[in-house]
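Residue numbers (the numbering used here): 445 to 693.
All C-beta atoms in this analysis are idealised placements derived from N, C-alpha and C, irrespective of residue type, glycine included.
Beneath this line is the structure, given in structure tokens, with notes to follow.
Below, the structure is given as structure tokens:
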């Protein structure tokens with residue numbers, strides 16, 4: 445069943461109105477007709493199965509048949525703090541992280557980030573990144589669209605992460621404390637998990653000290669050094685295994 449996302453103001457009683465590019469996609473690309481069914485998500489983990497009742501030149505009107513809570517969202521909010529990588533790696537990271545269950549993606553500027561973005565360029569990138577997240581959420585059946593932030597400084601990113609119940613930085617220089625040890629020490633599923641991933645050159649010694657000063661522990665990700673685009677997916681896979689898949693089984 446085709447899946448679309450709307451904001452709460454598009455829902456009125458048992459009627460949902462889809463506008464803009466999604467409406468054109470339904471009518472022109474999918475060539476759907478009155479009576480066909482679609483699934484709509486309100487980006488707050490509620491899904492609606494709907495029947496198409498009317499078309500205009502730029503809107504599609506739906507009648508709600510049933511609604512239920514999405515079963516496709518993790519029981520925790522995963523926040524990925526990603527140091528700006530070079531090239532188009534961020535696009536791949538965003539797409540795959542959304543598939544892996546990330547809740548928020550917060551890019552930040554690190555000492556070893558080759559890419560340098562001012563506020564205007566950062567906002568332009570954010571808009572493109574958000575579109576990638578939107579498309580990935582629809583493709584993989586998410587019940588909510590993860591938010592992508594404009595790039596922050598490292599200090600601002602650390603301050604933003606302070607509210608998370610569990611937080612850590614993935615650091616290739618950490619040999620004595622590995623990610624499984626940290627996750628197994630949590631007695632229950634945390635409400636929110638924040639983790640930091642470095643750019644191609646990793647984190648500097650000064651940046652690691654900043655994390656320690658903020659009481660954010662560093663963890664290793666095993667014997668092999670992972671690329672910056674691989675590390676966040678590895679972490680999200682571990683979170684899903686420990687608190688989502690194994691809990692279900």
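For residue 472, count neighbouring Cβ atoms within 10 angstroms of its own Cβ and tell me buried if that reaches 16, exposed if not.
Residue 472 is exposed by the Cβ-count criterion.
Give me the residue from 576, 505, 686 with the minimum Cα distance to residue 455.
Measuring from the Cα of residue 455, the nearest candidate turns out to be 505.
Just how far apart, CA to CA, sit residue 478 and residue 502?
For residue 478 and residue 502, the distance between alpha carbons rounds to 15 Å.
Beta-bridge partners of residue 513, as assigned by DSSP:
Under DSSP, residue 513 shares a beta bridge with 490.
C-beta contact flag for residue 544 and residue 677 at 7 Å:
In this structure, residue 677 lies closer than 7 Å to residue 544 by Cβ.
One or two residues paired with residue 481 in a DSSP bridge
Looking at the DSSP output, residue 481 sits in a beta bridge with 495.
Ends of the alpha helix (DSSP H) at residue 614?
It is not in any alpha helix (DSSP H) - residue 614 instead sits in the beta strand (DSSP E) that spans 610-614.
By DSSP, does residue 591 sit in helix, in strand, or in coil?
For residue 591, the three-state secondary structure derived from DSSP is strand.
Distance, residue 644 Cα to residue 671 Cα
Rounded to whole angstroms, residue 671 to residue 644 spans 7 Å at the Cα level.
Answer with buried or exposed for residue 463, where buried requires no fewer than 16 other C-beta atoms within 10 angstroms of its C-beta.
Exposed, by the Cβ-count rule.
Sequence-distant residues of its chain with Cβ nearer than 7 Å to residue 546 (five each side left out)
Sequence-distant Cβ neighbours of residue 546 in its own chain, meaning closer than 7 Å and more than five residues away, are 522, 524, 590, 680.
By how many angstroms is the C-alpha of residue 623 removed from the C-alpha of residue 650?
Approximately 22 Å, taken between the alpha carbons.
Quick one, are the C-beta atoms of residue 581 and residue 542 less than 7 Å apart?
Result yes, Cβ atoms of residue 581 and residue 542 sit closer than 7 Å.
My parser needs the beta strand (DSSP E) runs of 3 or more residues fully inside the stretch 616-648; what are they?
Counting only runs of 3 or more, we get 636-641.
Consult DSSP for residue 602 and reduce its assignment to one of helix, strand or coil.
DSSP, read as helix, strand or coil, puts residue 602 in helix.
Mind checking which residues open and close the alpha helix (DSSP H) that includes residue 584?
It spans 563-584 - the alpha helix (DSSP H) in which residue 584 sits, taken as one unbroken run.
Are the Cβ atoms of residue 615 and residue 639 separated by less than 7 Å?
In this structure, residue 615 lies away from residue 639, with their beta-carbon atoms at least 7 Å apart.
Provide the residue span of the beta strand (DSSP E) that contains residue 527, from first to last.
Here the beta strand (DSSP E) through residue 527 covers 521-527.
Per DSSP, what kind of secondary structure is residue 676 in: helix, strand or coil?
In this structure, residue 676 counts as helix in the three-state DSSP scheme.
Hey, would you say residue 595 sits closer than 7 Å to residue 529, going by beta carbons?
Contact: no.
So, with DSSP's three-state summary, where would you put residue 507?
The answer is strand: DSSP assigns residue 507 an E or B state.
Roughly how many angstroms lie between the CA atoms of residue 641 and residue 613, to the nearest whole one?
One C-alpha to the other measures close to 7 Å.
Taking only the alpha-carbon atoms, compute the straight-line gap between residue 673 and residue 539 and give it to the nearest angstrom.
Between residue 673 and residue 539, the C-alpha separation is close to 11 Å.
I'd like to confirm the pairing. Which residues does DSSP put opposite residue 682 in its beta bridges?
Its beta-bridge partners do not exist; DSSP assigns none.
In angstroms, rounded to a whole number, what distance separates the CA positions of residue 604 and residue 588?
Cα to Cα, the separation comes out at about 21 Å.
Under a Cβ-count criterion, where at least 16 other Cβ atoms within 10 Å of its own Cβ denotes burial, should residue 701 be classed as buried or exposed?
Since the first and last residues shown for the chain are 445 and 693, residue 701 lies out of range.
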